[in-house]
Structure formats: structure tokens, C-alpha cells
Amino acid sequence: MSALVLQDLAFSWGVDDPLLEIKKLVVKKGDRLFLQGASGSGKSTLLGLLGGVLVPTSGRLTVLGQELSNLSGGERDRFRADHIGIIFQMFNLLPYLSILANVTLPCRFSKTRMARAMANGGLEQEATRLLTALGLGDEVLAKPVMELSVGQQQRVAAARALIGAPELVVADEPTSALDADRREKFIELLMAECAAHGTTLIFVSHDPSLGHFFDRSLNLGEINRSSDRGGI
Amino acid sequence: MMQLSVFFLLALRSVLNRRTTAALTVISIALSVTLFLGVEKIREGAQSGFANTVSGTDLIVGARSGAINLLLYSVFRIGDATNNVSWETYEDIAKRPDVAWVVPISLGDSHRGFRVMGTQSAYFDHYKTGDQQKLKFLDGTVFTTLFEAVIGADVAQELNYSVGDKIVVAHGIGAVSFVKHEAMPFTVVGVLARTGTPVDRTIHVTLSSIEAIHQGWEGGAAPRGAGTTQAESFTGLELQPSSITAVFLGLTSRIGVLKVQRDLNEYAAEPLLAIIPGVALAQLWRVIGIVEIALTAISIFVVLTGLFALMTNILTSLNERRREMAILRAIGAGVRHIFLLLVTEAALLAGAGAVSALALVQLVLWGAAPLIVEATGVSVAGPGISLFDVVTVFVVVLIACLLSFFPAWRAYRQSLADGLTIKV
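Note that the protein sequences, when read in sequence, are chains A and B. Take the first sequence: its letters are residues 1 to 232, numbered as in the working numbering. Take the second sequence: its letters are residues 1 to 424, numbered as in the working numbering.
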């Protein structure tokens, strides 16, 4: 089964001039896809659609076998909580929660992910395991979130996206705030964790040099037929 | 489905993260609710104090006028009697088998703005204030003979009088009187403890003394020339007044109060009015209670102001919290969760403020209730949380939640528009 199927998908705020228009995109389960796109290529729109925050104006959007437009707003929120981990470009963490509380938060929104984390030896244990695997040892865990470096913050965000083993992880420019060394290290760690759990990864970045890390690389500007018409 | 505890935790942590503004909001709500609860406590105290201005007296009888008028001049020493009650009528009332005790009073003179009241020593046995409290003596004793006076706490304090001082009574009731009973000064023999009632502003003398100082004044003016009577000339003389201003009376059985009241109101020999003090006091309170309503209204508006400040605070925080909202949504929060989160936050802030107010009021009552009684005579309730207090806290939290619907709705719209895009 495919993790993701987009067919004749279009999205626009008004009646005309769609922001995103994709004829066909299929991502297999366990695939790690690199989507290269400059700003204005429809990245934010695609992220909103995958997350179920936006609904396609027309066409099919099937995530993990579920046609998202068949779900209500609340059901899409729950679907996102249960099945999708999201990593933003930066400022991923809630400054008023501890590192562990940030990482375990998705499980408080989703019984499914909570159950999976518990099956892996307990919520905090699983969070600590993920953080350690991503290179954040015990000496870091006690620190307030705001004292972490940007690279450390992104790794905490990755652990949060991965906890409770969601089937799909969407990363939106997660490395753009990192320098080259840390960028490679981050991607390697993220890929390793996804590989270990068969997680499908969609990695969006404007930087084409990262493409070689991934199984498959696509240019969003090319597959989005609306972008050459001057969409935002 | 997400549990409520998560909302609570997130709202609490988020509020604590903005602890300076949150603390200010809590303080403004705490102060406004403290004012509201405090006004209510004082109002309760004033009302129950007022209702007990006179207690233990079953009926007050005077010449026929209005009930409130009779109450005003006999108990509050405000205004004048339109007419007197004859001594014969007084004796007739006293003889009734269902009457346990009678105390006559006679008003009309004053001393430096304080009313002088002629009565009998039985007054101090039967006249009660507050919760059936007899009048207590701070110093000295009851008068026993002519030209002795027992003064209330305000009189003693404001005029700096104590036992042994001489006072001259003026004819009439003005603060400045040109006609004085100078020939017959009174000696202070007793000072009463504060009651918070008009007793504090009264100078009590014997009925015979009132009669004595008016000997020869039947024409309404001072006797002229050498006819001026001196105090010494009355020693040992029993003076019987021909009329009195009003009568306080107690019954052998309170069950008969309405019957006695009716009998007296239909008294054939002269037109009388008998009032039940509690009923007349309640009528009077309805008139002056307007002040209390105004006070309560003001304090309600202050509380609303505090709650609007809370709403403003949450509203202004929204813009800087767009990232927080987007992160929560990415993790799986729905827009309705965002809405609920903000309502929870408002409830937390308002709850903290209202509960602090409750504690503050208790603290003040615990520390200051005795001082308030001493200074004003208004006995506010001691520490203790009433149902009213608890209801107030709940209502404040409820209103805060309702008001927070506006910022919550804004956040909801904002969150819908932003989606998973982080706007910094």
C-alpha cells in the first residue's frame, strides 16, 4: 500500500489561480522522499494539505489509505495526531515545557501513539531512547528548552515527531538553520530512526545538495503545475 | 481524545511562562473580588447591626404619627415627636397583665448636639442592642438620683467626658443653643461601652431630672427673674412628669404581640401608635438600603473591570503566541482545542484571583474584625467561608470563561488561517 497518493490535486483559496496543482504523486510506505522547492513552490500549502489542516479544492489526497477529504476537521486533527509527525524549520519547541514534556506531548494528544510508546518500554523511556539515538545524552535532558542550541532543538523536535512511531514524518526545512556538518549528522540520524521503524519520510528543503541522502528526489516546482504561473 | 488534564497542564505552563502579566492580571482580579466580598461582609454586618439597633423590646409606643417617624425619634433620636403620651396612659399600659415591663422615655433637650433622654434605671435592664446584648458600662454605674447622667461612648469620646464631669443641658436640640438649663448642671456617673447604635450618642438622665429642669418652663421659655429654681431645692422631691415621649415595652409572652399592638393602636383615651421594632427597622432599611445597593453595584463593576482586563490580557498575548498555536496544531491539537486552551487559561487566572481574594478577605476578617467593631460598632462576621463566597468564586470564573470566548474565538480564527505555518 502507498503511504501517500496525490491525484489531480488542486488547492486554491479562491475560485481561480490555484496555489498547488499536482497531477500525480505516489510515495510508497517506508520511502524517504526529498522534495526540493524554493519558497513560492507551494511547500506550505502541501504541508497544510498533508497535515489535514487544508482540504484540497479538487482531486484525491490519500494518506496511509485514508482519503483525507472524507474526514471532518476534527477527524483530520485526530488523524494527524495519530499518524503524522511534523518537524518545522525552527522554533519547534514549547518554551514552557521541559525537553521530555515536549517530546512526549504528541502521545498526550493521541492514544494510538501513547500505546505504541508504552509498548516500547514506557513513555519517558521511549523519549529518552529517541533523544539518545539522536545524540542528546542525559547531560542535555535537564536543561531548559531555551538553553539548547538550534541543532539540539531540531533533534528534540525530531524525537517528538518520531515518538509513538507515526507512519509518516513530514519535515519542513528542518536543517536550514544548521551548519553543514550538523545538517548531515541530523539527516543521518533522522533517516536511521525512520529506517528502523519503516517510517515514511517526506523531507522538504530548498537546498538541492541534500537530495543525495534520499531514496528519491523530486522538485516540487516541477510537479506543481501552478508554480510557473506565479503562485505564491 | 485528549484529556482535560493536558489542557490544564498546557494552560498552566503557558500562563507561568508569561508570569509577570499573568501575576498582574491575577492581582487585579484578586483586588476587585476582595472589594466585592469585603463590601458584602460589611453590608451584611451593617444590615444585621441595623436590624438589631434595638432588640429585646417587643413594642414601642408613642403618640400617633408614622411608624418610621416614631422609630426615628424613639430609637435613632432623629427628629421630634409630634405629640406626647400622657402619664396616665403610660400607667394604664404598665398595668396590663400581658405587659412584663415598661420603660418610659422623654426627649427634647440636648447637650452640645447630643440628645438628652430622660428614662428610668429599668432602661438599662431591658434595652438591648445587637444580639440581645444589654448595655454595658465602661465606667461608673446607673444613675440613682436627680442630676446624674449616663453617657454613651461617642459622647464620652467626642466631648472627652468621664465620670465626675459636670454638664449643662440645653433646652431644645440644636448643637448651639442659647437657652440653657445652667442652674442645674448634671454630673456624669456612668459611661457606656460602644454599641454601634444611637445609644452611643445619647445622654441618659432620670425622668425626674427632665421634669426638674423644666420646672416653671410650662410656658415654653425659661422662668424669669428670681424665680429661677436651683438644683438643691429638688433634693428628696419626687417629680412626676405629666407626659412622656414614648414607651418601650416587653411582653410576658411574645405570641401576644400583635394583639397588644392592635389594642394600643385602638386605645380610646388618646391616639397611640405601637410599632414592632424589627418590622419598622426593616421598613427603614428598605429606604436607606439604596446606599447598600449602590455600593454593591459599584463593586460589581470593579469586578467586571478586572475581568475585562483579563480578557484584554489574553487578547494581546495572542499575536505573540501564534507559534505556540501552530506547534500545538502540528502535534495534533484541533482548533477547538486551541479554543478550549484559552478558556482554560482564563479560568485558571480568574480562579487564582478569586481564590486569593477569598483568602485575603479571610485574613482581613481574622485580623481586623475586632478593630472594626471597636471603631464603628458594625460587627462584621468573623473568619469563615460562606456559601456566598464560594458562589462568588464560581461566578467570577464563569464570567471569565464567557469573556474569554472572544479571544478564544480570535485564536480559533487565527489558528485556522495559520494552519501549520509558523508566523513569528
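The C-beta atom is built at its ideal place from N, Cα and C for all residues, glycine as well. Bear in mind the structure is a predicted one, so any value in this text is a computation, not a measurement.
Exposed unless 16 or more other CB atoms sit within 10 angstroms - verdict on residue i
| i | result |
| --- | --- |
| B/Val-390 | exposed |
| B/Ala-294 | exposed |
| A/Ser-209 | exposed |
| A/Gly-137 | exposed |
| A/Lys-43 | buried |
| B/Phe-301 | exposed |
| A/Ser-149 | exposed |
| B/His-181 | buried |
| B/Ile-244 | buried |
| A/Thr-200 | buried |
| B/Gly-227 | Annotation note: pLDDT 45 at B/Gly-227 (below 50); position unreliable, coordinate value reported separately. Classification for B/Gly-227: exposed. |
| B/Phe-36 | buried |
| B/Arg-115 | buried |
| A/His-212 | exposed |
| B/Lys-41 | buried |
| B/Ala-333 | buried |
| B/Arg-254 | exposed |
| B/Pro-104 | buried |
Residue i - DSSP class collapsed to helix/strand/coil
| i | result |
| --- | --- |
| A/Pro-18 | coil |
| B/Gly-367 | helix |
| B/Gly-108 | strand |
| B/Leu-284 | helix |
| B/Glu-148 | strand |
| A/Asn-120 | coil |
| B/Ile-399 | helix |
| A/Val-150 | helix |
| A/Trp-13 | coil |
| B/Lys-41 | helix |
| B/Phe-114 | strand |
| B/Leu-192 | strand |
| B/Gly-426 | In the structure as shown, chain B begins at 1 and stops at 424. Residue 426 of chain B is therefore absent and cannot be evaluated. |
| B/Ser-208 | helix |
| A/Phe-109 | helix |
| B/Ala-226 | Bear in mind that the predicted position of B/Ala-226 carries a pLDDT of just 43, short of 50, making it too unreliable to give a figure here. |
| B/Ser-471 | With chain B covering only 1 through 424, there is no way to say anything about residue 471 of chain B. |
Proximal chain A residues relative to residue i, where beta-carbon distance stays under 8 Å
| i | result |
| --- | --- |
| B/Asn-17 | Pro-95, Tyr-96 |
| B/Arg-323 | Phe-91 |
| B/Ser-28 | The premise fails here: B/Ser-28 is roughly 22 Å from chain A at the closest Cβ pair, so nothing lies under 8 Å. |
6 Å CB neighbourhood of residue i in its chain, flanking five on each side removed
| i | result |
| --- | --- |
| A/Ala-10 | Pro-18, Glu-21, Thr-57, Ser-58, Gly-59 |
| A/Ile-84 | Pro-166, Leu-168 |
| A/Ala-171 | Ile-87, Phe-203 |
| A/Leu-33 | Val-27, Ile-202, Arg-216 |
| B/Ala-67 | Ile-275, Ala-280 |
| A/Pro-174 | Ile-87, Gln-154 |
Close beta carbons around residue i, own chain, < 7 Å, minus the five adjacent residues each side
| i | result |
| --- | --- |
| B/Leu-340 | Phe-7 |
| B/Asp-80 | Tyr-73 |
| A/Ala-81 | Pro-106, Phe-109, Ser-110 |
| A/Ser-12 | Pro-18, Leu-19, Thr-57 |
| B/Cys-401 | Val-343, Ala-346, Ala-347 |
| B/Leu-159 | Arg-112 |
| B/Thr-82 | Ala-63, Ser-65 |
| B/Leu-12 | Leu-348 |
Cβ shell of residue i (< 8 Å), same chain only, five flanking positions each side left out
| i | result |
| --- | --- |
| B/Thr-444 | The first residue shown for chain B is 1 and the last is 424, placing residue 444 of chain B beyond what the model contains. |
| B/Ala-417 | none |
| B/Arg-336 | Tyr-412 |
| B/Arg-201 | Arg-77, Phe-114, Arg-115, Gly-152, Asp-154, Val-155 |
| A/Asp-77 | Gly-52 |
| B/Thr-129 | Asn-52, Thr-53, Val-54, Ser-55, Leu-135, Thr-195, Gly-196, Thr-197, Val-199 |
| A/Leu-220 | Leu-35, Gln-36, Gly-37, Ser-41, Gly-42, Lys-43, Leu-46, Val-204, Ser-227 |
| B/Leu-420 | Ala-326, Arg-329, Ala-330 |
| B/Ala-381 | Lys-41, Glu-44, Gly-45, Leu-365, Ala-369 |
Residue i: contacting residues in chain B (beta-carbon distance under 8 Å)
| i | result |
| --- | --- |
| A/Gly-73 | Gly-334, Val-335 |
| A/Ser-217 | Those do not exist, as A/Ser-217 stays about 23 Å from chain B at its closest Cβ, beyond 8 Å. |
Proximal residues of chain B, C-beta to C-beta of residue i below 9 Å
| i | result |
| --- | --- |
| A/Asp-77 | Arg-329, Gly-332, Ala-333, Gly-334, Val-335, Arg-336, His-337 |
Proximal residues of chain A, C-beta to C-beta of residue i below 9 Å
| i | result |
| --- | --- |
| B/Ser-317 | Going along chain A, no residue has its Cβ under 9 Å from B/Ser-317, so there is no contact; the nearest lies around 13 Å. |
Contacts that residue i makes with chain B (C-beta to C-beta distance below 7 Å)
| i | result |
| --- | --- |
| A/Asn-92 | Ile-327 |
| A/Arg-80 | Gly-332 |
| A/Ser-41 | The contacting residues do not exist; A/Ser-41 stays about 14 Å from chain B at best. |
| A/Ser-44 | Thr-421 |
Within chain E, partners of residue i - CB distance below 9 Å
| i | result |
| --- | --- |
| A/Pro-144 | The structure shown contains no chain E; its protein chains are A and B. |
Proximal residues of chain A, C-beta to C-beta of residue i below 7 Å
| i | result |
| --- | --- |
| B/Leu-420 | Leu-47, Gly-48, Gly-51, Val-53, Ile-86 |
| B/Arg-13 | Tyr-96, Leu-97 |
Ignoring anything shorter than 4 residues or poking outside the stretch 248 to 320 of chain B, list the alpha helix (DSSP H) runs there in chain order.
-> Along the stretch 248 to 320 of chain B, the alpha helix (DSSP H) occurs as fully enclosed runs of 4 or more residues at 257 to 265, 277 to 317, listed in sequence order.
Completely contained alpha helix (DSSP H) runs for the stretch 34 to 96 of chain A, where each covers 4 or more residues = At a cut-off of 4 residues, the continuous stretches assigned as alpha helix (DSSP H) that sit fully inside the stretch 34 to 96 of chain A are 43 to 50, 73 to 83.
Runs of beta strand (DSSP E) wholly within the stretch 17 to 82 of chain B (minimum 3 residues, chain order) = List check, beta strand (DSSP E) in window: 59 to 63.
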